[in-house]
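The structure appears below as structure tokens.
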Amino acid sequence: GKKQYDREFLLDIQFMPACI
Amino acid sequence: PEVLSKLHLLQYRWVLWFFKNDRSRAWQDNLQLVAKFNTVEDFWALYSHIKLASKLSSGCDYALFKEGIQPMWEDNRNKQGGRWLLSIAKQHRHIELDRLWLETLLCLLGDCFEEYSGEVCGAVVNIRTKRDKIALWTSEAENKAGVMFIGQIYKERLGLSTKTVIGYQAHTDTAAKSNSLAKNKFVV
Numbered sequence: 002g003k004k005q006y007d008r009e010f011l012l013d014i015q016f017m018p019a020c021i
Numbered sequence: 464p465e466v467l468s469k470l471h472l473l474q475y476r477w478v479l480w481f482f483k484n485d486r487s488r489a490w491q492d493n494l495q496l497v498a499k500f501n502t503v504e505d506f507w508a509l510y511s512h513i514k515l516a517s518k519l520s521s522g523c524d525y526a527l528f529k530e531g532i533q534p535m536w537e538d539n540r541n542k543q544g545g546r547w548l549l550s551i552a553k554q555h556r557h558i559e560l561d562r563l564w565l566e567t568l569l570c571l572l573g574d575c576f577e578e579y580s581g582e583v584c585g586a587v588v589n590i591r592t593k594r595d596k597i598a599l600w601t602s603e604a605e606n607k608a609g610v611m612f613i614g615q616i617y618k619e620r621l622g623l624s625t626k627t628v629i630g631y632q633a634h635t636d637t638a639a640k641s642n643s644l645a646k647n648k649f650v651v
């Protein structure tokens, strides 16, 4: 499906720990 | 595979370009491809690693375009197109420029222009001595419905007041008027 992200979601991901 | 499944794929793959003005070289030779990415995580890794737009020297640009579209008027996807243009006075560089450029990037990456997102080609920030510019490029200047829809969403997302007017110019008009601003084809 289409990958639409709102700005708050995009900003939240900036500070998520890397999934390693 | 488990790591990949946790990354957030973007609707498009994007390319970041950097332009540094060196008058001894041809325009195209001053344009460098910095990186390509197609996940939200890779975008932030790149964004955190590079200078903020406000810290670039005068004469430099960043451009973010969909993969396959060169950040220039001559590209087939741009030549019938145009741009929504923000002009930012120097005294606002350190307050507003980085915020407005990041909001522009988030509009592109989040694919926020609904059914008209296919019309969007990319965006450019120009750092200049007097006034910086940020522009959102679309592919079809004659598509009034698409251009107006994109302009209205863009203005709202930038948090500009209703009193602020931003204009859209066709690239063909801009190219013909290299020393002055082209006339606005549309405004929001």
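As you go down the protein sequences, you meet chains A and B in turn.
According to this note's numbering, the first sequence is numbered sequentially starting from 2.
According to this note's numbering, the second sequence is numbered sequentially starting from 464.
Glycine included, each C-beta is placed from N, C-alpha and C at the ideal position.
Check: Three-state secondary structure (DSSP) of N484(B); Outcome: coil
Check: Secondary structure of I532(B), DSSP reduced to three states; Outcome: coil
Check: CB of A633(B) within 8 Å of CB of K618(B), strictly; Outcome: no
Check: Below-8 Å beta-carbon distance, G497(B) vs any chain A residue; Outcome: In the sequence as displayed, the identity of residue 497(B) is Val instead of Gly. No, its Cβ sits nowhere closer than 8 Å to a Cβ of chain A.
Check: At least three beta-carbon pairs within less than 8 Å, the stretch 584-600 of chain B to the stretch 545-557 of chain B; Outcome: yes
Check: Contacts around V497(B), its chain only, beta-carbon distance under 6 Å, and the 5 residues preceding and following it disregarded; Outcome: L479 and F481
Check: Burial state of S624(B) (16 or more Cβ within 10 Å); Outcome: exposed
Check: Chain-ordered neighbours of W507(B) on chain A, where CB pairs are closer than 7 Å; Outcome: I14 and Q15
Check: Interface residues of chain A facing Q474(B) [CB-CB closer than 8 Å]; Outcome: K3, K4 and Q5
Check: Inter-stretch contact (C-beta, 8 Å, three-pair minimum) for the stretch 498-509 of chain B and the stretch 536-543 of chain B; Outcome: no
Check: Neighbour-count burial assignment, I590(B), 16 or more Cβ in a 10 Å radius; Outcome: buried
Check: Contact set for I21(A): own chain, Cβ-Cβ below 6 Å, skip 5 residues either direction; Outcome: Confidence at I21(A) is low in this model, with a pLDDT of 47, below 50, so its placement is unreliable and the value that follows should be read with caution. There are no such residues.
Check: Beta-carbon proximity of Y631(B) to R546(B), cut-off 8 Å; Outcome: yes
Check: Cutoff 8 Å: D574(B) Cβ touching any chain A Cβ; Outcome: yes
Check: First and last residue of the uninterrupted alpha helix (DSSP H) at S511(B); Outcome: V503 to H512
Check: Residues bridged to V650(B) [DSSP beta-bridge criterion]; Outcome: G630(B)
Check: As assigned by DSSP and simplified to three states, the class of N589(B); Outcome: strand
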